[in-house]
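Numbering (our numbering), first residue to last: 6 to 170.
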């Protein structure tokens, strides 16, 4: 289970740690579900699994946790080494090594847009827009929009999480 791996690695991330601590009971429930699925059960549909998949808050929590793990893995090189040109290349190598790129996650779109904006302001990428006042305004508009994007929509749907996560 990814959560057990996370805990044994002793990594730390504010959003993931909060989701795990505030919903400790759900961590136990998914552990029981895993056990029910991977160990022989007389009944085809175990009551532990049935209970879990009918709990809307638990499913929302699982979606929020998945999105946060995706975010953490996607930006891992930046967390470890900061944001710079070398880290952008390191991230690509990291994702190639892992063999996974999260294409559908809101965090990916957010960070790709953010890096586009950084590259524009840096001016070192000839494939980017030319620096003009008009393009500066477009980029500033994109940055404002970026700030308003809720990259993990599940978080706001959880009853036990504060709105500022």
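Glycine included, each C-beta is placed from N, C-alpha and C at the ideal position.
In this structure, DSSP gives residue 16 a state outside helix and strand, which the three-state scheme calls coil. Residue 49 and residue 85 have their C-alpha atoms some 45 Å from each other.
Counting along the chain, residue 82 sits inside the alpha helix (DSSP H) bounded by residues 81 to 86.
The three-state reading of DSSP puts residue 28 in coil, since its state is none of H, G, I, E or B. Shown here for residue 69: same chain residues with a beta carbon closer than 7 Å to its own, the five before and five after excluded, namely 24, 157, 159, 160 and 163 in chain order.
Selection 22, 57 and 111 evaluated against residue 36 yields 57 as nearest (Cα-Cα). Here residue 140 has 125 and 134 as same chain residues with Cβ atoms under 8 Å from its own Cβ, once five neighbours each way along the sequence are excluded.
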